[in-house]
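Student: Residue numbers (my numbering), protein chains in the order written: chain W, 18 to 429; chain H, 18 to 429. Each residue gets a CB set at the ideal place from its N, CA and C atoms; glycine is no exception.
2 protein chains.
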Amino acid sequence: MTTAPVDVDTARRDYAALVERGLSLDITRGKPSPRQLDLSADLLTLPNGQYKAEDGTDTRNYGGLKGLPELRRIFAGALQVPVEQLFAAGNSSLELMHDTIAQAMLSTLPGAARRWADEPRIAMLCPVPGYDRHFALAERFGIELIPVPMTETGPDMDVVERLVAEDAAVKGIWCVPKYSNPTGVTFSAEVAGRLAAMPAAAPDFRIIWDNAYAVHHLTEDEPELADILALCAEAGNPDRAFVFGSTSKITFAGAGVGFFGASEANLAWWQSVLSKRTIGPDKVNQLRHAMFLKDADGVRALMRKHAELIAPKFAAVERILAEELSDLATWTKPTGGYFISLTVPEGTAKEVVRLAKEAGVALTPAGATHPHGDDPADAVIRIAPTFPELAEVEEAVRALAVCVRLAVAQRA
Amino acid sequence: MTTAPVDVDTARRDYAALVERGLSLDITRGKPSPRQLDLSADLLTLPNGQYKAEDGTDTRNYGGLKGLPELRRIFAGALQVPVEQLFAAGNSSLELMHDTIAQAMLSTLPGAARRWADEPRIAMLCPVPGYDRHFALAERFGIELIPVPMTETGPDMDVVERLVAEDAAVKGIWCVPKYSNPTGVTFSAEVAGRLAAMPAAAPDFRIIWDNAYAVHHLTEDEPELADILALCAEAGNPDRAFVFGSTSKITFAGAGVGFFGASEANLAWWQSVLSKRTIGPDKVNQLRHAMFLKDADGVRALMRKHAELIAPKFAAVERILAEELSDLATWTKPTGGYFISLTVPEGTAKEVVRLAKEAGVALTPAGATHPHGDDPADAVIRIAPTFPELAEVEEAVRALAVCVRLAVAQRA
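1. Show which residues of chain W have a CB atom less than 7 Å away from the CB atom of PHE158 of chain H.
2. Determine the chain W residues that contact GLU112 of chain H at a beta-carbon separation under 8 Å, and present them in chain order.
3. So what's ILE267 of chain H in DSSP terms, helix, strand or just coil?
4. Would you please verify whether the beta carbon of ASP256 of chain W is less than 7 Å from any beta carbon of chain H?
5. For the stretch 79-87 of chain W against the stretch 69-85 of chain H, are there 3 or more C-beta pairs whose distance is under 8 Å?
6. Which residue spans inside the stretch 227-273 of chain W form an unbroken alpha helix (DSSP H) run of at least 4?
7. Can you check the stretch 152-238 of chain H for any alpha helix (DSSP H) of at least 4 residues that lies completely inside it and give the ranges in chain order?
8. Do you know offhand how far GLU112 of chain H's Cα is from THR27 of chain H's?
9. To the nearest angstrom, how far is it from the Cα of VAL419 of chain H to the Cα of PRO22 of chain H?
10. Short of 8 Å in beta carbon distance, which residues of its chain neighbour MET430 of chain H, apart from the five on each side in sequence? Order them along the chain.
11. Fully enclosed by the stretch 338-378 of chain W, which alpha helix (DSSP H) runs are 4 residues long or longer?
12. Using C-beta distances below 7 Å, list every residue in its chain close to VAL176 of chain W, excluding the 5 sequence neighbours before and after it, in chain order.
13. Quick check: the Cα distance between HIS115 of chain H and ALA413 of chain W, rounded to an integer number of angstroms?
14. Going along chain H, which residues have a C-beta under 9 Å from ALA134 of chain W?
15. Measuring CA to CA, which of H:ASP238, H:PHE261, H:THR268, H:LEU60 is closest to LYS48 of chain H?
16. Taking 8 Å as the limit between beta carbons, can you name the residues of its chain near GLY364 of chain W, skipping five residues before and five after?
17. What is the rounded straight-line gap between the Cα of ALA214 of chain H and the Cα of LEU35 of chain H?
18. Would you say ALA119 of chain W lies against chain C (beta-carbon separation less than 7 Å)?
19. Just checking: is the beta-carbon of GLY107 of chain H within a distance shorter than 7 Å of some beta-carbon in chain W?
20. Under a CB-based cut-off of 7 Å, is LEU56 of chain H close to chain W?
21. Run through DSSP, which three-state label would ALA105 of chain W get?
22. Starting from the Cα of GLU335 of chain W, find the closest Cα among W:GLU325, W:LYS322, W:SER358, W:SER124 and give me that residue.
23. State the DSSP-derived secondary structure class of PRO51 of chain W, mapped to helix, strand or coil.
24. Chain W partners of ALA153 of chain H, CB-CB under 7 Å?
25. Closer than 9 Å by beta-carbon distance: list the chain H residues that pair up with THR76 of chain W, in chain order.
26. Taking Cβ-Cβ distances shorter than 9 Å, what residues in chain W pair up with PRO86 of chain H?
27. Check each candidate in W:PRO146, W:GLU156, W:HIS151 and name the one with the smallest Cα separation from ASP173 of chain W.
28. Would you kindly work out how many angstroms separate the C-alpha atoms of GLU340 of chain W and PRO351 of chain W, rounded to a whole number?
29. Report the three-state DSSP secondary structure of ALA396 of chain H (helix, strand or coil).
30. According to DSSP, simplified to helix, strand and coil, what is PRO127 of chain H?
31. Leaving out five residues before and five after ARG29 of chain H in sequence, what residues of the same chain have Cβ atoms less than 6 Å from its Cβ?
32. Check whether the Cβ atoms of LEU407 of chain H and LYS322 of chain H sit closer than 7 Å, and answer yes or no.
33. For the stretch 183-201 of chain H, which residues have a CB atom closer than 9 Å to at least one CB atom of chain W, in sequence order?
34. Identify every residue that forms a DSSP beta bridge with PHE277 of chain H.
35. So with CB distances below 9 Å, who are the chain W contacts of PRO49 of chain H?
36. Might you give, ordered along the chain, the residues of its own chain that have their beta carbon closer than 6 Å to the beta carbon of GLY384 of chain W, omitting 5 neighbours on each side?
Written as C-alpha cells, this is what we have:
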C-alpha cells in the first residue's frame with residue numbers, strides 16, 4: 018500500500034461528525050450473534066427426556082472420562098483425530114489448553130526429563146498476529162513468549178525451526194492452523210510437515226494445534242488442512258501434537274463441548290492426571306449435542322447456515338475497507354473463521370482504537386494480537402464482525418475508517 | 018464390641034452357599050440410583066426454549082465468569098457463602114478442588130510466600146476414615162498426606178492443632194464437614210471454631226471445606242453446621258477457608274453444577290487465574306438448574322424426595338448389620354450423606370473385601386478411606402447403599418456379613 022496524504026482538516030471534521038452521532042457499537046470479540054445461536058435452538062429442549070447413550074450408559078450419572086463415543090465419532094473426522102484418541106470434555110477448549118499446560122507444569126509429560134515447573138526457563142513460540150487468549154494463558158504460568166512472524170501459509174518456518182532446534186527451553190508453539198485468528202490463514206501442508214518433522218532441542222516440545230475453526234467455512238472453497246497427528250507419527254515424533262477443538266462456534270458459545278486429541282502416550286498421561294480431577298464430563302450435554310448434530314453431515318449443514326448469516330458481514334467489512342481505506346491500509350480476506358486482520362500505517366493502531374472508543378465503537382485493543390499486548394509496529398487491528406447485526410457492522414467499519422484517516426493525518 | 022468366637026465350619030459352609038448363588042452386586046460408590054435421577058427428569062427438557070437469564074444475559078453466548086446470580090442465590094444459604102462470594106462453575110466440585118490446589122501450586126495464594134510448586138515440601142492433613150478422591154488428588158501433586166483420626170465431632174483437634182502449629186509444610190486439611198464421607202459425622206461448632214482460629218505455621222494454610230452433603234438429610238433431625246467463612250473472618254484468618262459444593266447428588270451426577278466460595282481476597286486470586294483459563298461456565302445448564310430448583314425451598318423439597326428413596330436403604334443396612342454382625346463389628350448410623358462406615362475386627366477388612374468380590378459383591382477396596390489406600394488397622398469398610406435397589410442392598414449386606422464371619426473365623 019502507499020500511504021497517501023490525508024487532509025487533516027477533512028479528517029477532523031469527519032471525526033467530529035462521527036462523535037456527534039453518539040454511536041455504541043462493539044466489534045471486539047469473536048462471538049456468535051443471537052441469530053447464529055438460534056440455529057441451535059433445539060438444544061434448549063434436548064435431550065427431550067432421553068438419557069441413555071447408545072451403549073446404554075445413563076448419562077445422568079457419574080463416569081465416562083473420555084466422553085460419549087457417539088459425539089466423539091461426529092467430530093473425529095473434522096478434527097482429524099482417530100475416535101479412540103479423541104476425548105470429549107467440558108464446555109471450553111481454552112480450559113483444556115490451560116489445563117494441559119498446567120498438567121505439564123505439574124506432571125512429567127511423555128518425553129520430558131522433568132515437570133515444567135522445575136525447568137529454569139520455559140518459552141513458547143507465538144505466531145503474530147495471533148490469539149490473545151493463548152498468549153495470556155501462557156504468560157500467566159510465567160512462560161516466556163517468543164513472537165514468530167505469520168506468513169500467508171503459516172508461521173515463518175525458517176524462524177521456527179531455528180528457535181526450536183537451538184533452544185531447549187522452547188517447549189511449544191501456539192497454532193490456530195485453519196482460518197487462523199486473526200489472519201484467516203490456513204497452514205500449508207509444507208508448514209505442517211515441517212512442524213511435525215523439525216528437530217527439537219526439547220524432547221518434550223509440543224505443537225498446540227488449536228483447530229478452533231475446523232468447519233467454519235465462509236465459502237465453498239474449503240482448504241484442506243494437513244493431518245498433524247499423522248504427520249508427527251510419520252516423522253517419528255508421535256507425541257508432538259496436542260489437538261484441540263470445540264463446538265463453541267458451532268452450537269452455543271460456553272454451553273458446548275470441548276475436545277482434546279493426541280497420541281496414545283499423551284492420552285495415557287492425560288487420563289492419569291484427569292482421573293484424579295474429575296469423575297467425568299457432562300454427558301447429558303454431550304448426548305444433547307449428539308442428538309442435535311447427528312453426524313458429520315449434520316455439522317456441515319449447520320455450518321452452512323452459519324456461513325449464510327456471517328459471510329455477508331465479512332463481505333461488508335471488505336467492501337467498506339476497499340471503499341474507504343485502500344490508499345492507507347491492507348487487510349486479510351479470510352475464507353473462514355471469525356476475524357479480519359487490518360494493518361494500518363505503522364504507529365497508528367493504538368490511536369485508531371482510542372479514537373474509535375471515544376466515538377462509541379469498541380475495538381479489540383491494539384497490540385492484543387501480540388504477546389504481552391505489544392505490537393512493535395503498532396499497526397494491527399483485529400476486526401470481529403460476527404456478533405453485531407449487518408447494519409451495525411457496516412456502521413462500525415465506516416467509523417473505523419474515519420478514525421484511521423484522522424490518526425494518519427494527525428501523525429503526518 | 019466383643020469379638021465372639023465364630024465357628025469356622027459354619028462360616029465356610031455359609032460362604033460356599035453364598036458363592037453358589039452367583040450374585041452380581043455393587044455397593045462401592047456413592048452414586049445416586051436411577052430412581053433418584055428420575056426426580057430431576059424435567060432437566061432433560063429444560064430450559065424449554067428459554068435462554069435469557071434474569072438480568073437479560075444470553076446464556077447461549079460467552080461470558081459470566083462467576084456464574085448465574087439466580088443459581089448462586091439458591092445455594093448461598095445451604096453452602097453458607099454470601100452470594101457475592103459464591104462462584105457457580107462447571108459440572109464437578111472435585112475438579113474445582115483439584116484446580117484450586119493446582120492453581121496454588123502455580124500462582125502464589127493470598128498470604129503465601131511463594132507458589133506451592135516451589136516449596137521443598139507440602140503436606141495436607143487427612144482425617145481418617147475419609148474420602149479417597151481427596152487423598153488421590155493431593156497425592157498426585159506430590160503432596161504428603163498426614164492422617165488424623167476422626168472423632169464423633171470431627172477431626173481430632175488436639176492432633177490437628179499441634180501439626181498445624183508446628184509444621185509450616187502443612188498447607189491444608191481435607192474436610193467433609195457435614196455427613197462426612199464415610200463416617201456421617203457432622204463437625205461440631207467447637208471443631209469448626211478451633212479450625213478457624215488455630216495458629217498455623219503456614220501463613221497460607223487452607224481448610225478445604227467440601228460441603229458435599231450440605232442438604233442431604235436422611236431424617237428430620239438436621240444438624241446445624243457452623244459457618245466456616247464467618248468463623249475464619251471473626252478469628253482474624255479471613256482467607257483460611259475454601260468452600261466447595263455441587264448439585265451432583267441433588268440433580269444429576271456429572272451433569273450438575275459445582276460451586277466455590279471463599280473470601281474476597283481468595284476470590285480475586287481465583288478470578289485472576291480463572292479468567293486466563295475460561296471465558297465462562299455453561300450458563301445454559303445453570304439456567305436449567307435455576308428454573309428447575311427455583312429456590313432454596315425447591316432444593317429442600319427435592320432432597321426430601323431423595324431421602325424417601327434412600328433412607329430405607331440405610332435402614333436396611335443398619336438392620337441387617339445389627340442382625341448379623343452385632344457380635345463382631347461396629348458401624349456408623351448416619352442421619353445424612355451417602356455412606357455407612359463399617360469397622361470389622363482388625364486385620365480382616367482386606368480379606369472381607371476379597372471374599373465378597375469372589376462371591377460377586379463389589380465393595381470399595383479396604384483401605385480406600387485412608388491415605389495411599391493404607392488403613393493400618395485393616396478394619397474399615399465403606400458401604401455405599403444408594404445406587405442398588407433396596408432388595409439388592411439387603412442381599413449385598415447379608416452377603417457382606419457372611420464374608421465378615423468367615424474372615425474372622427479364618428483369622429482365629
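Tutor: According to the structure data:
1. Translated into positions along the second sequence, residue 158 of chain H becomes position 141. Simply LEU123.
2. Residue 112 of chain H sits at position 95 when you count from the first residue of the second sequence. In chain order: ARG294, THR295.
3. Position 250 of the second sequence, counted from the first residue, corresponds to residue 267 of chain H. Looking at ILE267 of chain H - three-state DSSP - the assignment turns out to be coil, as it is neither helix nor strand.
4. The residue labelled residue 256 of chain W in the question sits at position 239 within the first sequence. No, ASP256 of chain W lies away from the interface with chain H (no Cβ there is under 7 Å from its Cβ).
5. no
6. 245-251
7. Taking only runs of at least 4 residues, the alpha helix (DSSP H) segments lying wholly in the stretch 152-238 of chain H are 174-183, 206-214.
8. In the second sequence, residue 112 of chain H corresponds to position 95, counting from 1. In the second sequence, residue 27 of chain H corresponds to position 10, counting from 1. Going by the C-alpha atoms only, they are around 48 Å apart.
9. Translated into positions along the second sequence, residue 419 of chain H becomes position 402. Translated into positions along the second sequence, residue 22 of chain H becomes position 5. Spanning the two alpha carbons is a distance of roughly 14 Å.
10. Outside the shown range of chain H (18 to 429) lies residue 430 of chain H, about which nothing can therefore be said.
11. 366-375
12. In the first sequence, residue 176 of chain W corresponds to position 159, counting from 1. Counting only Cβ-Cβ distances below 7 Å, and skipping sequence neighbours, we find VAL165, PRO166.
13. Within the second sequence, numbered from 1, the residue matching residue 115 of chain H stands at position 98. Within the first sequence, numbered from 1, the residue matching residue 413 of chain W stands at position 396. Going from the Cα of HIS115 of chain H to the Cα of ALA413 of chain W covers about 44 Å.
14. Looking up residue 134 of chain W in the first sequence gives position 117. MET122, LEU123, ARG132, ALA134, ASP135, listed in chain order.
15. Working through the second sequence from its first residue, we reach residue 48 of chain H at position 31. Ranking H:ASP238, H:PHE261, H:THR268, H:LEU60 by Cα distance to LYS48 of chain H puts H:THR268 first.
16. As a first step, residue 364 of chain W must be located in the first sequence, where it is residue number 347. Answer for GLY364 of chain W: ALA394, ASP395, ALA396, ARG428, listed in chain order.
17. As a position in the second sequence, residue 214 of chain H is number 197, starting the count at 1. As a position in the second sequence, residue 35 of chain H is number 18, starting the count at 1. Straight-line Cα distance between these residues: approximately 52 Å.
18. Judged by its chain identifiers, the structure shown contains no chain C, and its protein chains are W and H.
19. The count along the second sequence starts at 1 and reaches residue 107 of chain H at position 90. Interface residue, yes.
20. For this step, residue 56 of chain H is matched to residue 39 along the second sequence. Cβ-Cβ to chain W under 7 Å: no for LEU56 of chain H.
21. Residue 105 of chain W sits at position 88 when you count from the first residue of the first sequence. Reduced to three states, the DSSP call for ALA105 of chain W is strand.
22. To locate residue 335 of chain W, count along the first sequence from 1; it is residue 318. Nearest C-alpha to GLU335 of chain W: W:SER358.
23. What you label residue 51 of chain W is simply residue 34 of the first sequence in a count that begins at 1. The three-state reading of DSSP puts PRO51 of chain W in helix, counting H, G and I together.
24. As a first step, residue 153 of chain H must be located in the second sequence, where it is residue number 136. Under the 7 Å cutoff, chain W gives LYS293.
25. Position 59 of the first sequence, counting from 1, holds the residue named residue 76 of chain W. Residues of chain H passing the Cβ test: PHE269, GLY271, ALA272.
26. Taking the second sequence and counting its residues from 1, the one referred to as residue 86 of chain H is at position 69. By Cβ distance, chain W contributes nothing, its closest Cβ being about 16 Å from PRO86 of chain H, past 9 Å.
27. As a working note, residue 173 of chain W is residue 156 in the first sequence. Closest by alpha carbon: W:PRO146.
28. Numbered from its first residue, the first sequence carries residue 340 of chain W at position 323. Numbered from its first residue, the first sequence carries residue 351 of chain W at position 334. Near 18 Å, if we compare the C-alpha coordinates of PRO351 of chain W and GLU340 of chain W.
29. Here residue 396 of chain H is taken as the residue at index 379 of the second sequence, counted from 1. In the structure shown, the three-state DSSP call for ALA396 of chain H is coil.
30. On the second sequence, position 110 is the one that residue 127 of chain H refers to. DSSP places PRO127 of chain H in coil when its eight states are reduced to three.
31. Locating residue 29 of chain H in the second sequence gives position 12, counting from the first residue. Cβ neighbours of ARG29 of chain H within its own chain (closer than 6 Å, five residues either side excluded): none.
32. Position 390 of the second sequence, counted from the start, is the residue given in the question as residue 407 of chain H. Position 305 of the second sequence, counted from the start, is the residue given in the question as residue 322 of chain H. No, the Cβ-Cβ distance between LEU407 of chain H and LYS322 of chain H is not below 7 Å.
33. none
34. Start at 1 with the first residue of the second sequence, and residue 277 of chain H comes out as number 260. For PHE277 of chain H, which the question treats as bridged, DSSP gives the partners H:PHE104, H:PHE261.
35. Mapped onto the second sequence, residue 49 of chain H falls at position 32. In chain order: ARG77, ASN78, TYR79.
36. Numbered from its first residue, the first sequence carries residue 384 of chain W at position 367. Excluding residues within five positions, the ones whose Cβ falls inside 6 Å are GLY390, ASP391, ASP392.
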